[in-house]
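Written out below as C-alpha cells is the structure these notes cover.
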C-alpha cells in the first residue's frame with residue numbers, strides 16, 4: 060500500500076514559536092458521529108427492515124473535510140467542540156487520530172456529548188436523522204488558525220470575528236437552512252473568504268437566483284473563487300482572478316451515497332490549489348474525488364488516496380491522470396499500486412469529459 064504524497068504549501072510564511080504545528084488544512088465547525096447505510100434501492104417503509112452490506116461508522120460534519128484532505132496527503136487538523144467522556148466523542152477522536160488527523164484543536168465541553176447522525180442513502184441522495192445533546196451554540200468556537208495554509212469552515216449567521224484574523228485561505232461552505240429564510244446576511248462573511256463552495260440549492264437560495272449558473276456568477280462577485288456543486292452533474296466554478304469559467308462533469312460510477320461528498324470536493328479542491336494547479340485542474344480533481352467517495356470506490360464512507368484517483372482517472376481516460384502521475388512521481392515514497400475499481404467498470408459507468416471552458420458555463 061503506497062503512502063500518500065506530502066502536499067507542499069505554495070508559500071511558507073514565518074510562524075510564531077507558540078503557534079500550532081504547520082498544517083495544510085484546519086477544518087473548523089461541528090463534528091458528528093455518522094452512521095452510514097446504503098446506497099439502498101429504495102427507502103424503507105414503516106415497519107420494514109432492509110438489509111445492506113454497505114454500512115460504516117465514521118466521523119462526520121466538518122471531519123469530512125479533514126478526512127478527505129488527509130487521504131489525499133495533506134497535513135490536517137480539526138477544530139470543533141467535543142464531549143468530555145461520551146462514547147461518540149471517544150470513537151471520533153480515535154478514528155481521526157488513526158487517519159493521521161491532529162486533534163489538539165478539539166475543544167472539550169463538560170457535560171456535553173457529540174451528536175450522532177444516521178444517513179440512509181437512496182435515489183442518488185440521502186435522508187438524515189440527528190440525535191443527541193442540545194447543539195445550540197455548538198458552532199461557536201474561536202479556533203487558533205495560525206500555521207494553517209488553508210481553513211475550511213461551515214459559515215453561520217452569527218458573527219464569526221476570528222475569520223478576519225485568519226492568514227490562510229478560507230474555503231467556506233454553508234448548510235441547509237431549516238427555517239427556509241436563507242438570510243443573505245450570512246454572505247457578509249465572504250469578505251474574509253477565498254472560496255465559497257455551496258451546492259446548487261443553497262447557492263440559488265442565498266443569491267436569490269434561478270439557476271446554478273446565475274448563482275455561481277453572483278458568488279464570484281463576492282469571492283475570488285466560487286464553486287457550485289451539482290450532484291451527479293458535477294460542479295461549476297469561476298475564478299474571478301483569472302476569468303476562468305468551468306463546468307466539470309461527474310463520472311457515472313453507479314449507485315451513490317452523497318453523504319460527505321460536498322466536503323470531499325472542497326478538500327480535494329484545496330489540495331489541488333496547494334499543488335499549484337489552476338481552477339480547471341483543481342476542480343477536476345475535486346469532482347473526481349467527490350464522485351469516488353459517493354460511489355464507495357475505497358469502501359463505504361472512505362476517501363480514495365491520490366494513487367487510487369490516478370488509477371480511476373486512467374481507467375476513464377481523463378486528462379487529469381497526467382497531472383496525478385507527475386505528483387506521484389515527484390514523491391519518492393509513493394509507489395502506485397494498481398487498484399481494481401469494481402464499481403467503476405460496470406456497464407453503468409460512462410466516461411465524462413474532464414471539463415469544458417466556456418463563457419456560458421455550459
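In our numbering, the protein residues as written are 60 to 421.
Every residue gets a Cβ at the ideal spot worked out from N, C-alpha and C, and that includes glycine.
From residue i to residue j, what does the alpha carbon distance come to, in whole angstroms?
i, j, result
"residue 280", "residue 299", "8 Å"
"residue 323", "residue 123", "6 Å"
"residue 217", "residue 189", "22 Å"
"residue 278", "residue 285", "6 Å"
"residue 270", "residue 295", "11 Å"
"residue 308", "residue 338", "14 Å"
"residue 331", "residue 156", "24 Å"
"residue 335", "residue 248", "26 Å"
"residue 251", "residue 375", "38 Å"
"residue 329", "residue 347", "14 Å"
"residue 191", "residue 147", "10 Å"
"residue 363", "residue 133", "13 Å"
"residue 297", "residue 184", "26 Å"
"residue 144", "residue 172", "8 Å"
"residue 127", "residue 175", "20 Å"
"residue 378", "residue 371", "11 Å"
"residue 386", "residue 106", "51 Å"
"residue 121", "residue 319", "9 Å"
"residue 205", "residue 164", "11 Å"
"residue 82", "residue 223", "19 Å"
"residue 162", "residue 117", "15 Å"
"residue 273", "residue 108", "43 Å"
"residue 255", "residue 303", "15 Å"
"residue 380", "residue 365", "10 Å"
"residue 221", "residue 283", "20 Å"
"residue 312", "residue 288", "17 Å"
"residue 151", "residue 177", "15 Å"
"residue 276", "residue 258", "14 Å"
"residue 367", "residue 203", "33 Å"
"residue 168", "residue 159", "23 Å"
"residue 166", "residue 243", "29 Å"
"residue 240", "residue 246", "13 Å"
"residue 130", "residue 264", "32 Å"
"residue 352", "residue 310", "12 Å"
"residue 392", "residue 326", "The predicted model places residue 392 with a pLDDT of 39, which falls under 50 and marks its position as unreliable; any figure quoted below should be read in that light. Roughly 22 Å separates the two Cα atoms."
"residue 350", "residue 361", "12 Å"
"residue 98", "residue 212", "27 Å"
Spell out the partners DSSP gives residue i in its beta bridges.
i, result
"residue 138", "87"
"residue 292", "Beta-bridge pairing links residue 292 to no other residue."
"residue 186", "179"
"residue 297", "285 and 304"
"residue 82", "207"
"residue 118", "92"
"residue 167", "141"
"residue 254", "230 and 284"
Output the boundary residues of the beta strand (DSSP E) element that contains residue i.
i, result
"residue 268", "Run containing residue 268: none; DSSP gives neither H nor E here."
"residue 307", "303-307"
"residue 232", "228-232"
"residue 211", "209-213"
Alpha helix (DSSP H) containing residue i: first to last residue?
i, result
"residue 339", "338-354"
"residue 148", "146-157"
"residue 124", "122-130"
"residue 323", "320-333"
"residue 366", "365-374"
"residue 388", "379-389"
Evaluate residue i with the Cβ neighbour count: other Cβ atoms within 10 Å of its Cβ, from every protein chain shown; 16 or more gives buried, anything less gives exposed.
i, result
"residue 261", "buried"
"residue 235", "exposed"
"residue 267", "exposed"
"residue 394", "Annotation note: pLDDT 43 at residue 394 (below 50); position unreliable, coordinate value reported separately. Flag for residue 394 reads exposed."
"residue 103", "exposed"
"residue 232", "buried"
"residue 110", "exposed"
"residue 112", "exposed"
"residue 343", "buried"
"residue 93", "buried"
"residue 301", "exposed"
"residue 305", "buried"
"residue 208", "buried"
"residue 225", "buried"
"residue 369", "buried"
"residue 153", "exposed"
"residue 180", "buried"
"residue 238", "exposed"
"residue 125", "buried"
Is it the case that the region 84-93 contacts the region 132-140, given that we only count it when at least three CB pairs across the two stretches are under 8 Å?
yes
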